[in-house]
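S.K.: Below are the structure tokens for one structure; questions will follow.
Number of protein chains: 2
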Amino acid sequence: MKIAIAQINFFVGGLEGNAQKMIQSILRAKKGGFDLIIFSELALCGYPPEDLLLHDRFIDTAERILEEIATVCEGITVILGTVRRNRGRGEKPLCNSAAIISNQKILGFHDKWLLPTYDVFDERRYFEPGNTLQVWPCGKHRLGILICEDIWQHAGYLPLHYLRDPIAEMKALEPTLLINLSASPYQFQKPELRTKVCSSSARALNVPMILCAQVGGNDQLVFDGYSLVMNAQGELLKIAKGFEEDFIEIDLERLPPKITFSFHPLSDLYQALVLGIKDYFHKQGLRKGCIGVSGGIDSAVCTCIAVDALGKENVLAVRMPSPYTSSSSMEDAETLANHLGIELVTLSIEEPFALFLEVLKPLFADLPVNVAEENIQARIRGLLLMAISNKLCHIVLSTGNKSELALGYCTLYGDMCGGIGVLSDVTKTQVYALARWINREKEIIPQSCLDKPPSAELKANQKDTDTLPDYAIVDAVLQAYVEDSLDAEEIVTKYGIPLPLVQELIRRIHAAEYKRRQAAPGIRVSKKTFGVGRRYPIVQGWC
Amino acid sequence: MKIAIAQINFFVGGLEGNAQKMIQSILRAKKGGFDLIIFSELALCGYPPEDLLLHDRFIDTAERILEEIATVCEGITVILGTVRRNRGRGEKPLCNSAAIISNQKILGFHDKWLLPTYDVFDERRYFEPGNTLQVWPCGKHRLGILICEDIWQHAGYLPLHYLRDPIAEMKALEPTLLINLSASPYQFQKPELRTKVCSSSARALNVPMILCAQVGGNDQLVFDGYSLVMNAQGELLKIAKGFEEDFIEIDLERLPPKITFSFHPLSDLYQALVLGIKDYFHKQGLRKGCIGVSGGIDSAVCTCIAVDALGKENVLAVRMPSPYTSSSSMEDAETLANHLGIELVTLSIEEPFALFLEVLKPLFADLPVNVAEENIQARIRGLLLMAISNKLCHIVLSTGNKSELALGYCTLYGDMCGGIGVLSDVTKTQVYALARWINREKEIIPQSCLDKPPSAELKANQKDTDTLPDYAIVDAVLQAYVEDSLDAEEIVTKYGIPLPLVQELIRRIHAAEYKRRQAAPGIRVSKKTFGVGRRYPIVQGWC
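Line order of the protein sequences matches chains A and B.
Its first residue numbered 1, the first sequence is counted upward by one per residue in our numbering.
Its first residue numbered 1, the second sequence is counted upward by one per residue in our numbering.
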């Protein structure tokens, strides 16, 4: 049995376009003599469709288009993810389903059993869990079809325990092939983890398994692709490309030998950011981005990502020196722009800064200089970037990193301006790692950006360490508290950081919630990002 | 049996403080010879605690404090809402429970059965539904205890249908009193609706019923209070105050006669906004707010609300005229400030505006004037307000209304600046209604604010209607599409608005998603607010 696995970049809500992409793949598979073609979870509507699912017309359209797709499935079996009405009992009106179509007929559906409702997932908001299981005959094979989370429980990698385990219950049905339709968002080192889950599933059922994954960026989420085929021993036989569309094939009667494949976590991280930005722009029909380049490492890494995502002709770098901008920062910004071959414009903020101090004099009077003067500078820069955006149709890319966002070391409506945050989920430590990786063959980011101590340059001789502990400490606490959910005492034990410092950092993380609530959406690349998937009250009495 | 109903403003996450408030009420009830005292849903942790529930230490602390509360319950029965660990099977580790404490002993728990997971509710993210039901003996009575949503299914007012119905199943247990612990967020005309649900429950079981409600503002949500007692015929016997703490009592053996009570929807709306703002400030220990007053109706209504929430001595009005500001706007702002007795400062934005145009000349060159020039003015104002905020510790109140937010008729980082949006969930039509209500006894808001056509005054002779249809049309579509989930065709049928206009407004609503994602949180007062409870992709191909 010849099987095609279509790894496609679907457009959330773009039902007609997604159907066209699938129909083209089906026609290609028919032409190629394939018996079966597989698409990913919720392929028809893209993942995650969110509250679009609440529109009756959206569901009606999805159900109608599914029928239309069936009409082209002559002589081939097609498995694709879609939303459909729940026709059984239950609290929710929809199911997250795999449609099994053969020879122009919709044979039936597998409704996803395990509906993740944690972190970035909200599936119980929309879907009723499935409760039946069957194998689907296809040629001489018996297909076990499951959707994403359905296979994760058995592998033991979940943060919770569902009442049922589809893999365990599948055993008695004796499938000869396991197929998993997936829409599993990227996070750092998740592709490796997902591969382990697949391997575990194949071994549990002692059958070959196919994972068909979604690829592409949808708002904050990036799907990495890496669809794959494993043998009954859970060994990797084929793997699709990461971070782009692909079409791979397997002949079940002639399984190839196992292959060795290594993921490159840092390269994956970089590619995830590039794809996230690219799709954020291109799926909206936007082309041009602009970035405030300070000469620091964050904006340098952002600019490299933007150039890879949008093309160098579409990226405008804007240098906005203040009285506190060092000459080395000016030079580093220029060197970066030269290395990348992008346009650089310079707009001094000295005069607007002076004027605002003058305008505000009646109110500021003799009050001591404080953060207000620093923020005015950041907000003038934000205003200039947004004016360029409004006049020249560039979308501003926000350059702040996760460590800054965590502690609120950033200016609301200032450096936080932007349509999308490139590094919002990348810690300062990871920003340096990315910079070194970008420079692995030749210097693109000026070495001095990596060498000099980080500074916002909003007052004389300012360093980040004036108001923040060393980033190694910040990032350790950030990882432990936000991503790994350790409490203060556990962090002290694990990292040997003094308790009062850990508590102060945790307090600052929560105190900055109000700023993050108004932050640009950022590309999610970690286990726990700010924004989507993390829901804390702004006003709260806990910490 | 003498029963006390404690309607308290709890602080989300403030376990110790909430416990102290309850202990004081318990001591008061003991002193008053009460047999039973009742607190609201999740009283111990406040509602909604969101991801604080994911912290083990939070749950440990809640369980420990519950034991401590029990120690003061000598000679009295106490029913209170709390979170506790799910000790049975199930996907989620927690239950949303009512603890029944009598004579210092925790007798047991009712775990909430119906867990709302739609709109602003995420209960399936945290909680496992309860599945047992019992009546609790108390004196000669048999108490049926349910939590909020548990009683809504039977009344038929829900947008979904749970598999089980606690009211129906309660019947066989023959309670003599129904008690509902509630944390039901305010929305326009919801208090009336909730009263109907209570009446329906009492009649279904043919027993008296008590609703003990939470009161207070928690981020976007406001809880209106209005705890109540009904007789077995579902007639109102007692009702607590709206929008403030209260302590009401009932003697089951001497039920009073039924009372008549009318809600005042507009007064409730106003009070909800005042309480939302008040608690947003005071629960954070903040005192002072500042508002950009344009002379228009939105900022006028906002200022009245701010004065009622914070006190006139804590509200600073800032007038920031541009070349396009009319003299009548200047006068109206001044009249308003005089009527309210608040400080008014004036900062002209003419010079900064001219300077920015100069600074941007190299980039703007000979490009035609567009929205960029308008937004620069709005952003200068945002910058000035934020500078005042940073220097003088005032929190900026954002004044935009729901109609503007819906269509993106507002400037990101400009008039959208602020810690909290006062009118974000109030349509322009409702803003006028509120203004008339505020002026019901004497002119507080200058009449000309109500009479003149709305204008952003960001260019010469600008009117809102230059780029927007009449607000009556905008608000009809907004209500129908966002709140009532009608589709375009249904809106045409209902309101007779031409289809292309309806479609264009729907398109604009979705196109503004990116702006709203960075909006200040706004007080929720409608069935469907932007922000919390409404989750749409920014980048999507549906509409």
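The beta-carbon is built from N, C-alpha and C at its ideal position, and this holds for glycine as well.
If we ignore side chains and look at the alpha-carbon of each, how far apart do residue 171 (chain A) and residue 543 (chain A) end up?
M.R.: Taking the first residue of the first sequence as 1, we reach residue 171 (chain A) at position 171. Taking the first residue of the first sequence as 1, we reach residue 543 (chain A) at position 543. Cα to Cα, the separation comes out at about 47 Å.
S.K.: Any beta-carbon of chain A closer than 7 Å to the one on residue 542 (chain B)?
M.R.: Taking the second sequence and counting its residues from 1, one reaches residue 542 (chain B) at position 542. Chain A contact via Cβ: present.
S.K.: Tell me, which residues are paired with residue 398 (chain A) by DSSP?
M.R.: Translated into the one-based positions of the first sequence, residue 398 (chain A) becomes position 398. In DSSP, residue 398 (chain A) forms a bridge with A:421.
S.K.: Only counting the same chain, and skipping five residues up and downstream in sequence, which positions put a Cβ closer than 6 Å to that of residue 510 (chain B)?
M.R.: Along the second sequence, read from residue 1 onward, the residue named residue 510 (chain B) stands at position 510. Cβ neighbours of residue 510 (chain B) beyond the five flanking positions: 543.
S.K.: Excluding five sequence neighbours on each side, which residues of the same chain lie with their C-beta closer than 7 Å to the C-beta of residue 46 (chain A)?
M.R.: Along the first sequence, read from residue 1 onward, the residue named residue 46 (chain A) stands at position 46. If we look at residue 46 (chain A) and ignore the five residues flanking it on each side, its Cβ neighbours are 10, 11, 12, 13, 14, 18, 218.
S.K.: For residue 473 (chain A), tell me which candidate among A:514, A:427, A:434 has the shortest Cα-Cα distance.
M.R.: On the first sequence, residue 473 (chain A) is found 473 positions in, with the first residue counted as 1. Among A:514, A:427, A:434, the Cα nearest to that of residue 473 (chain A) belongs to A:427.
S.K.: Along the region 47–59 of chain A, what residues have a CB closer than 9 Å to any CB found in chain B?
M.R.: Listed by position along the chain: 48, 49, 50, 51, 52, 54, 55, 56, 57, 58.
S.K.: Mind checking the region 117–135 of chain A against chain B and listing, in chain order, the residues whose C-beta falls within less than 8 Å of any C-beta there?
M.R.: Cβ contacts with chain B come from 117, 118, 122, 124, 125.
S.K.: Where does residue 542 (chain A) fall in DSSP's three states?
M.R.: Residue numbering aside, residue 542 (chain A) sits at position 542 when the first sequence is read from its first letter. Residue state, collapsed to three classes: coil.
S.K.: Please go through the same chain and pick out, in chain order, the residues whose beta-carbon is closer than 7 Å to the beta-carbon of residue 389 (chain A), but skip the five residues on each side of it.
M.R.: The residue given as residue 389 (chain A) occupies position 389 in the first sequence. Contacts found: 290, 395, 396.
S.K.: Taking the CB atoms as reference points, tell me whether residue 187 (chain B) and residue 485 (chain B) lie closer together than 7 Å.
M.R.: Here residue 187 (chain B) corresponds to residue number 187 of the second sequence, with the count starting at 1. Here residue 485 (chain B) corresponds to residue number 485 of the second sequence, with the count starting at 1. No, they are not a contact pair.
S.K.: One question on the structure: do residue 261 (chain A) and residue 239 (chain A) come within less than 7 Å of each other, judged by their Cβ atoms?
M.R.: Taking the first residue of the first sequence as 1, we reach residue 261 (chain A) at position 261. Taking the first residue of the first sequence as 1, we reach residue 239 (chain A) at position 239. Going by C-beta atoms, residue 261 (chain A) is nearer than 7 Å to residue 239 (chain A).
S.K.: If residue 250 (chain B) sits next to residue 8 (chain B), beta carbons under 8 Å apart, how far is it from one beta carbon to the other, in whole angstroms?
M.R.: The sequence position of residue 250 (chain B) within the second sequence is 250, counting from 1. The sequence position of residue 8 (chain B) within the second sequence is 8, counting from 1. Going by Cβ atoms, the distance from residue 250 (chain B) to residue 8 (chain B) rounds to 17 Å, so no, they are not a contact pair.
S.K.: May I ask you to verify whether the region 379–386 of chain B touches the region 454–467 of chain B, counting CB pairs closer than 8 Å and requiring at least 3?
M.R.: At 8 Å Cβ cutoff, the stretches do not touch.
S.K.: Please report the straight-line C-alpha distance between residue 84 (chain A) and residue 95 (chain A), rounded to a whole angstrom.
M.R.: Within the first sequence, the letter at position 84 stands for residue 84 (chain A). Within the first sequence, the letter at position 95 stands for residue 95 (chain A). One C-alpha to the other measures close to 5 Å.
S.K.: Once you ignore the five residues that flank residue 159 (chain A) on each side, which residues in its own chain have a CB closer than 7 Å to its CB?
M.R.: Along the first sequence, read from residue 1 onward, the residue named residue 159 (chain A) stands at position 159. So the qualifying residues of the chain are 118.
S.K.: Taking residue 323 (chain B) as the reference, which of B:227, B:461, B:502 has the closest Cα?
M.R.: Position 323 of the second sequence, counted from the start, is the residue given in the question as residue 323 (chain B). Among B:227, B:461, B:502, the Cα nearest to that of residue 323 (chain B) belongs to B:461.
S.K.: Going by DSSP, name the residue or residues bridged to residue 77 (chain A).
M.R.: The residue you call residue 77 (chain A) lines up with position 77 of the first sequence. Its beta-bridge partners are A:36, A:102.
S.K.: Threshold first: 3 residues or longer. Then list the beta strand (DSSP E) segments lying entirely within the region 305–369 of chain B, N to C.
M.R.: Here the runs fully enclosed are 315–319, 343–346.
S.K.: Could you please give me the residues that DSSP links to residue 249 (chain B) through a beta bridge?
M.R.: Translated into positions along the second sequence, residue 249 (chain B) becomes position 249. Answer is B:4.
S.K.: Taking 7 Å as the cut-off, decide whether the C-beta atoms of residue 329 (chain B) and residue 213 (chain B) are in contact.
M.R.: Here residue 329 (chain B) refers to the residue found at position 329 of the second sequence. Here residue 213 (chain B) refers to the residue found at position 213 of the second sequence. No, the pair does not count as a contact, with Cβ atoms beyond the cut-off.
S.K.: So what's residue 183 (chain A) in DSSP terms, helix, strand or just coil?
M.R.: Within the first sequence, residue 183 (chain A) is the residue found at index 183, counting from 1. Residue 183 (chain A): coil per DSSP, three-state reduction.
S.K.: Say yes only if the C-beta of residue 10 (chain B) is nearer than 6 Å to one or more non-hydrogen atoms of the ligand MN, and no if none qualify.
M.R.: This structure lacks the ligand MN, and indeed carries no ligand of any kind.
S.K.: Is it a yes or a no for the region 415–434 of chain A touching the region 279–299 of chain A, going by three-plus beta-carbon pairs under 8 Å?
M.R.: Touching, yes.
S.K.: Could you tell me the alpha carbon to alpha carbon distance between residue 199 (chain B) and residue 48 (chain A), rounded to whole angstroms?
M.R.: Here the question's residue 199 (chain B) lines up with position 199 in the second sequence. Here the question's residue 48 (chain A) lines up with position 48 in the first sequence. C-alpha separation (whole angstroms): 40 Å.
S.K.: Check residue 292 (chain B) in the structure and name its three-state DSSP category.
M.R.: Taking the second sequence and counting its residues from 1, one reaches residue 292 (chain B) at position 292. Residue 292 (chain B) falls in the strand class under three-state DSSP.
S.K.: Got a sec: is the Cβ-Cβ distance from residue 287 (chain B) to anything in chain A below 7 Å?
M.R.: Walking along the second sequence from the start, residue 287 (chain B) turns up at place 287. Chain A contact via Cβ: absent.
S.K.: Using beta carbons (cut-off 7 Å, strictly below), is residue 539 (chain B) in contact with chain A?
M.R.: Here the question's residue 539 (chain B) lines up with position 539 in the second sequence. Interface residue, yes.
S.K.: At a Cβ threshold of 7 Å, is residue 512 (chain A) touching chain B?
M.R.: Taking the first residue of the first sequence as position 1, residue 512 (chain A) is located at position 512. By this cut-off, residue 512 (chain A) is not an interface position.
S.K.: Taking the beta carbon of residue 141 (chain B) as the centre, do at least 16 other beta carbons fall within 10 Å, making it buried, or is it exposed?
M.R.: Working through the second sequence from its first residue, we reach residue 141 (chain B) at position 141. That one is buried.
S.K.: Return the CA-CA distance between residue 31 (chain B) and residue 157 (chain B), expressed in angstroms with no decimal places.
M.R.: As a first step, residue 31 (chain B) is located in the second sequence; it is residue number 31 there, counting from the start. As a first step, residue 157 (chain B) is located in the second sequence; it is residue number 157 there, counting from the start. Their Cα atoms are separated by approximately 40 Å.
S.K.: Residue 185 (chain B) and residue 211 (chain B): beta carbons closer than 7 Å?
M.R.: Taking the first residue of the second sequence as 1, we reach residue 185 (chain B) at position 185. Taking the first residue of the second sequence as 1, we reach residue 211 (chain B) at position 211. No.
S.K.: Taking any Cβ of chain B, which residues in the region 360–374 of chain A have a Cβ under 9 Å from it, in chain order?
M.R.: Listed by position, the residues of the region 360–374 of chain A near chain B (Cβ gap below 9 Å) are 360, 362, 363, 364, 367, 370, 371, 372, 373, 374.
S.K.: Just to check my reading of the structure: residue 247 (chain A) and residue 275 (chain A) have Cβ atoms closer than 8 Å, yes? What is that Cβ distance to the nearest angstrom?
M.R.: Taking the first residue of the first sequence as position 1, residue 247 (chain A) is located at position 247. Taking the first residue of the first sequence as position 1, residue 275 (chain A) is located at position 275. Between residue 275 (chain A) and residue 247 (chain A) the Cβ distance is about 18 Å, and since that is not below 8 Å, they are no contact.
S.K.: So with Cβ pairs under 7 Å, would you call residue 271 (chain B) a contact of chain A?
M.R.: The sequence position of residue 271 (chain B) within the second sequence is 271, counting from 1. No, because no Cβ of chain A sits closer than 7 Å to the Cβ of residue 271 (chain B).
S.K.: Using a threshold of 7 Å, state whether the C-beta atoms of residue 545 (chain B) and residue 37 (chain B) are closer than that.
M.R.: Residue coverage of chain B in this structure runs from 1 to 543, which leaves residue 545 (chain B) outside it and unanswerable.
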